[in-house]
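Have a look at the structure below, then the notes.
Number of protein chains: 2
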Amino acid sequence: MRAMSDNGSLRRGRPGYDQQGILEVAVAAFNQYGYDATSMGVLADRLGLSKSAIYHHFASKDEILERALDDALSALEGVLNEADAAGGRAADRVDQVLRGAVHVLVSKLANVTLLLRVRGNTEVERRALARRRAFDKAVTALVEEAQAEGTLRSDIDASVVSRLLFGMINSIVEWYRPGGREDADKLADDVIAVALDGLRMPTANRVEELLG
Amino acid sequence: MRAMSDNGSLRRGRPGYDQQGILEVAVAAFNQYGYDATSMGVLADRLGLSKSAIYHHFASKDEILERALDDALSALEGVLNEADAAGGRAADRVDQVLRGAVHVLVSKLANVTLLLRVRGNTEVERRALARRRAFDKAVTALVEEAQAEGTLRSDIDASVVSRLLFGMINSIVEWYRPGGREDADKLADDVIAVALDGLRMPTANRVEELLG
DNA sequence: GTCTATATTGAGATAGAC
DNA sequence: GTCTATCTCAATATAGAC
Chain A
0 MRAMSDNGSL
10 RRGRPGYDQQ
20 GILEVAVAAF
30 NQYGYDATSM
40 GVLADRLGLS
50 KSAIYHHFAS
60 KDEILERALD
70 DALSALEGVL
80 NEADAAGGRA
90 ADRVDQVLRG
100 AVHVLVSKLA
110 NVTLLLRVRG
120 NTEVERRALA
130 RRRAFDKAVT
140 ALVEEAQAEG
150 TLRSDIDASV
160 VSRLLFGMIN
170 SIVEWYRPGG
180 REDADKLADD
190 VIAVALDGLR
200 MPTANRVEEL
210 LG
Chain B
0 MRAMSDNGSL
10 RRGRPGYDQQ
20 GILEVAVAAF
30 NQYGYDATSM
40 GVLADRLGLS
50 KSAIYHHFAS
60 KDEILERALD
70 DALSALEGVL
80 NEADAAGGRA
90 ADRVDQVLRG
100 AVHVLVSKLA
110 NVTLLLRVRG
120 NTEVERRALA
130 RRRAFDKAVT
140 ALVEEAQAEG
150 TLRSDIDASV
160 VSRLLFGMIN
170 SIVEWYRPGG
180 REDADKLADD
190 VIAVALDGLR
200 MPTANRVEEL
210 LG
C-alpha cells in the first residue's frame, strides 16, 4: 500500500520488492528453467532475497504462477472480446484476432510463454488450460463462420485451420525477442501474409510443378 | 541379451521390462507431467516396478531422456539428409522436408513432443538443443535457396519463414492423436496447402478487402 | 530382473526476530 | 519487508538380498 507499490516494473533498485517486481523476475526464471525446475531458492538468489521474503508477497509458488497466467489469459480473451464487439465480416474478425494475438504475444511475451508451457499438473494449471481451450474453441467458431461466408478455403477442417494458425503464432514466443513497437506490426503482417496468401510465389506455377 | 530384448514395444506383458519398454512408459509420463515434474517414484508406479528396478536398465533419469531425445533427433536429421541426397530444386526439397517432418512428428509423436519441450537445464538437454538449432539452420538455408530460385516469396525473411513453418508443424504434437496412416498424409497435405497457398479463397478479393 | 531398505540431498513452506 | 533457522517431505540414487 506504499506509494511505490504501483509502479512495479519501473522501479529497478534492488531491495524493497512489490508483487509486480517479484512476478517479473519469477516469470523470467520459470521460462528459462521451466516452472517445476525453478526452486524458490534459485528465485530468491535472482531476487537477491531470502526465500521467506518471497513468501511475504505470495502465499505459494503456485500463486506466483496463477498471477502470471491470469495476466496472459486476460489479454488474449480481451482480443477475442474486442473482435466480437467490433462485428463485421467473420474474415475481418479472424484477421483482427490473429493480429491482436501477435501483439499480445509480443507485449506480454514472458507471461504468454509461460502460459503456453503449462501442462496441467495443479489446479491452477488446469484452470488455465480450461481458459485456453475456451479461447481456441471461440477461434475455431470464427474460422467456421469465415468458411461459411466463403472468404476462407473450406477444404480444410476449421479446427485444423485454427490449430495450425495458432501453432504458427504461438511459436513466436520461442524465438522473438523485444526490439521495438514496429517489429510487432511487421511480425503480424508476416504471419497474416503466410496464413492468408501462402509462401508460394504468386507467379510460380502451382500444384503440378512444386508437388509433382 | 535375451531373446525378448529386441521386440520391446511388441511385448506387453507386465514384468520383465527391457529398455525400450521402460522408455515408452517413461516418455509418456514425461509428456503428461513434464520431465522435471515426473518423479522416479511415479514412473515406478506406472511401470508396476520399484524405483531401483528402473536403475537396473538406466543409469539415471537423465539417461532415459537422452535416449528418447536422440531417437527423435535422428529421425528429423534423417529427413534432412534424405532431402539433400535427393537433390533437385530447392522448392522440391523444402516440400520434402516439410512432409517428412510431419511424418516423423506423427510416427514418433511422443519422443518429438518431449524434444520440443526441452529447456536446456542439463548437459543432455543442451546437446539436444544444439542439434535442434543445427536442424533449424539447415532448413533456413533451404528456404533461402528456394527464395533465390524464385519459387518462394522473398519479401519475408528466410529465418522468419522457416520458424513460422516449423512453428506450425511442431504445434501438431499439441493436438494430433494417432488414428491411422493416411491421417499423417492428409495432415501433411493440409500443412503444405496452408503454407504454400494460404487460407484465403482463391476467388476472394485480395488485400484490399480483407486487410483494409 | 526385481525387491526392501536406506543414504542423502534439496524442495516448499513456516516461525519469529529485526 | 527482510532476515536466519528450521520443519517436513519427497526427490534421486545406492546397497545388497533373492
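Chains A and B are the protein sequences, given in the same order. Here the first sequence is numbered in numbering that gives the first Met the number 0, starting from 0 and rising by one per residue. Here the second sequence is numbered in numbering that gives the first Met the number 0, starting from 0 and rising by one per residue. Glycine residues also receive a C-beta, built at the ideal position from the N, C-alpha and C atoms. No experiment lies behind these values; they were computed from the predicted model shown.
Who are the Cβ neighbours of B/Glu144 in its own chain at under 7 Å, not counting the five residues just before and after it?
-> In the second sequence, the residue the question calls residue 144 of chain B occupies position 145. Answer for B/Glu144: Ala89, listed in chain order.
So does the segment 18-28 of chain B actually touch the segment 123-142 of chain A, counting three or more Cβ pairs closer than 8 Å?
-> Flag = no, the segment 18-28 of chain B and the segment 123-142 of chain A do not touch.
Figure out for me which residue from A/Val96, A/Leu141 and A/Lys107 has the closest Cα to the Cα of A/Tyr175.
-> Walking along the first sequence from the start, residue 175 of chain A turns up at place 176. Of the candidates A/Val96, A/Leu141 and A/Lys107, the one whose C-alpha sits nearest the C-alpha of A/Tyr175 is A/Lys107.
When DSSP labels each residue in this structure, what does A/Arg176 get in the three-state scheme?
-> The count along the first sequence starts at 1 and reaches residue 176 of chain A at position 177. A/Arg176: coil per DSSP, three-state reduction.
Of all the CB atoms in chain B, is at least one closer than 8 Å to the CB of A/Thr150?
-> Taking the first residue of the first sequence as 1, we reach residue 150 of chain A at position 151. Yes, contact with chain B.
Go ahead and label B/Gly15 buried or exposed: buried means 16 or more other beta carbons lie within 10 angstroms of its beta carbon, across all protein chains shown.
-> Taking the first residue of the second sequence as position 1, residue 15 of chain B is located at position 16. With fewer than 16 other CB atoms across the displayed protein chains lying within 10 angstroms of its CB, B/Gly15 is exposed.
Please confirm whether A/Ala194 and A/Leu113 have their CB atoms less than 8 Å apart.
-> The residue labelled residue 194 of chain A in the question sits at position 195 within the first sequence. The residue labelled residue 113 of chain A in the question sits at position 114 within the first sequence. No, they are not a contact pair.
Pull up the DSSP beta-bridge partners for A/Arg45, would you.
-> The residue labelled residue 45 of chain A in the question sits at position 46 within the first sequence. Answer by DSSP bridge pairing: none, since A/Arg45 is not bridged.
Which of the residues in the segment 71-94 of chain B, read from start to end, lie with their CB under 8 Å from any CB of chain A?
-> Residues Ala90, Asp91 and Asp94.
For the segment 132-161 of chain A, which residues have a CB atom closer than 7 Å to at least one CB atom of chain B, in sequence order?
-> Cβ contacts with chain B come from Gly149, Thr150, Leu151, Arg152, Ile155, Val159 and Val160.
Just how far apart, CA to CA, sit B/Leu104 and B/Gly47?
-> Reading the second sequence from its first residue, position 105 is the one you call residue 104 of chain B. Reading the second sequence from its first residue, position 48 is the one you call residue 47 of chain B. Taking the straight line from one Cα to the other gives about 29 Å.
Note down the Cα distance separating A/Thr121 from B/Pro201, rounded to an integer number of angstroms.
-> Residue numbering aside, residue 121 of chain A sits at position 122 when the first sequence is read from its first letter. Residue numbering aside, residue 201 of chain B sits at position 202 when the second sequence is read from its first letter. Answer to the nearest angstrom: the Cα atoms are 46 Å apart.
Taking one C-beta from the segment 51-59 of chain A and one from the segment 32-43 of chain A each time, how about it: are there three or more such pairs within less than 8 Å?
-> These segments touch.
Measuring CB to CB, does A/Arg118 end up less than 8 Å from B/Tyr32?
-> Sequence index remark: in the first sequence, residue 118 of chain A carries index 119 (1-based). Sequence index remark: in the second sequence, residue 32 of chain B carries index 33 (1-based). It is a contact, given that the beta carbons lie within the stated cut-off.
Looking only at DSSP bridge pairs, what is A/Leu151 linked to?
-> Mapped onto the first sequence, residue 151 of chain A falls at position 152. In DSSP, A/Leu151 forms a bridge with B/Arg199.
Counting only the same chain and skipping the five closest in sequence on each side, list residues whose C-beta sits under 8 Å from that of B/Ala100.
-> Residue 100 of chain B sits at position 101 when you count from the first residue of the second sequence. Sequence-distant Cβ neighbours of B/Ala100 in its own chain, meaning closer than 8 Å and more than five residues away, are Leu75, Val78, Phe165 and Ile168.
Using the C-alpha atoms, what's the distance from B/Glu62 back to A/Asp44?
-> For the purposes of this step, residue 44 of chain A is taken as the residue at position 45 of the first sequence. For the purposes of this step, residue 62 of chain B is taken as the residue at position 63 of the second sequence. When rounded, the distance between both Cα atoms is 29 Å.
Should A/Gly197 go down as buried or exposed, given a rule of 16 or more other Cβ atoms within 10 Å for buried?
-> Reading the first sequence from its first residue, position 198 is the one you call residue 197 of chain A. That one is buried.
A/Ser161 burial status per 10 Å Cβ neighbour count (16 or more: buried) | Position 162 of the first sequence, counting from 1, holds the residue named residue 161 of chain A. It counts as buried.
Boundaries of the alpha helix (DSSP H) in which A/Arg162 is found, first to last residue | Numbered from its first residue, the first sequence carries residue 162 of chain A at position 163. Segment Ala157 to Asn169, the alpha helix (DSSP H) holding A/Arg162.
Whole angstroms is fine: what's the gap from A/Ala71's alpha carbon to B/Asp17's?
-> On the first sequence, position 72 is the one that residue 71 of chain A refers to. On the second sequence, position 18 is the one that residue 17 of chain B refers to. Taking the straight line joining both Cα atoms gives about 43 Å.
Out of curiosity, what's the CA-to-CA distance linking A/Arg92 and A/Val142?
-> Translated into the one-based positions of the first sequence, residue 92 of chain A becomes position 93. Translated into the one-based positions of the first sequence, residue 142 of chain A becomes position 143. Using only the alpha carbons, I get a separation of about 9 Å.
Determine, using beta carbons only, whether B/Ala192 and A/Ile155 come nearer to each other than 8 Å.
-> Here residue 192 of chain B corresponds to residue number 193 of the second sequence, with the count starting at 1. Here residue 155 of chain A corresponds to residue number 156 of the first sequence, with the count starting at 1. Result yes, Cβ atoms of B/Ala192 and A/Ile155 sit closer than 8 Å.
May I ask which residues mark the beginning and end of the alpha helix (DSSP H) holding B/Gly77?
-> Residue mapping note: residue 77 of chain B aligns to position 78 of the second sequence, counting from 1. Counting along the chain, the alpha helix (DSSP H) containing B/Gly77 begins and ends at Lys60 to Ala85.
Would you say B/Leu68 and B/Ala127 are within 8 Å of each other, going by their C-beta atoms?
-> Your numbering for residue 68 of chain B matches position 69 in the second sequence. Your numbering for residue 127 of chain B matches position 128 in the second sequence. Yes, the pair counts as a contact, with Cβ atoms nearer than the cut-off.
Mind reading off the beta-carbon distance from A/Val111 to A/Val190? Whole number of angstroms is fine, and I expect it under 8 Å.
-> In the first sequence, the residue the question calls residue 111 of chain A occupies position 112. In the first sequence, the residue the question calls residue 190 of chain A occupies position 191. A Cβ-Cβ separation of about 15 Å leaves A/Val111 out of contact with A/Val190 under the 8 Å criterion.
Residue span of the alpha helix (DSSP H) that contains B/Ser38, given as start and end = Reading the second sequence from its first residue, position 39 is the one you call residue 38 of chain B. Note, B/Ser38: premise wrong, no alpha helix (DSSP H); not H, not E.
If we call anything under 8 Å between Cβ atoms a contact, is B/Thr139 one with B/Ser158?
-> As a position in the second sequence, residue 139 of chain B is number 140, starting the count at 1. As a position in the second sequence, residue 158 of chain B is number 159, starting the count at 1. Their beta carbons are under 8 Å apart, which means B/Thr139 touches B/Ser158 by this criterion.
Between A/Glu124 and A/Leu115, what straight-line distance do the alpha-carbon atoms span, to the nearest angstrom?
-> Along the first sequence, one-based indexing puts residue 124 of chain A at 125. Along the first sequence, one-based indexing puts residue 115 of chain A at 116. The C-alpha of A/Glu124 lies about 11 Å from the C-alpha of A/Leu115.
Test item: CB-CB of B/Gln95 and B/Ala82 under 8 Å = The count along the second sequence starts at 1 and reaches residue 95 of chain B at position 96. The count along the second sequence starts at 1 and reaches residue 82 of chain B at position 83. Yes, the Cβ-Cβ distance between B/Gln95 and B/Ala82 is below 8 Å.
Give me the Cβ distance between B/Ala183 and B/His102, rounded to the nearest whole Å; I'm assuming they're in contact under 8 Å.
-> For this step, residue 183 of chain B is matched to residue 184 along the second sequence. For this step, residue 102 of chain B is matched to residue 103 along the second sequence. Taking 8 Å as the upper bound for CB-CB distance, B/Ala183 and B/His102 are in contact here, some 5 Å apart.
Under 7 Å (Cβ pairs) to chain B, residues found in the segment 36-56 of chain A | Answer set for the segment 36-56 of chain A: Ala36.
Can you list the residues of chain B that A/Asn120 reaches, using a CB-CB cut of under 8 Å?
-> Mapped onto the first sequence, residue 120 of chain A falls at position 121. Simply Tyr32, Gly33 and Ala36.
Neighbouring residues, chain A, relative to B/Asn218 (Cβ below 8 Å) = There is simply no residue 218 of chain B to check, as chain B begins at 0 and stops at 211 in what is shown.
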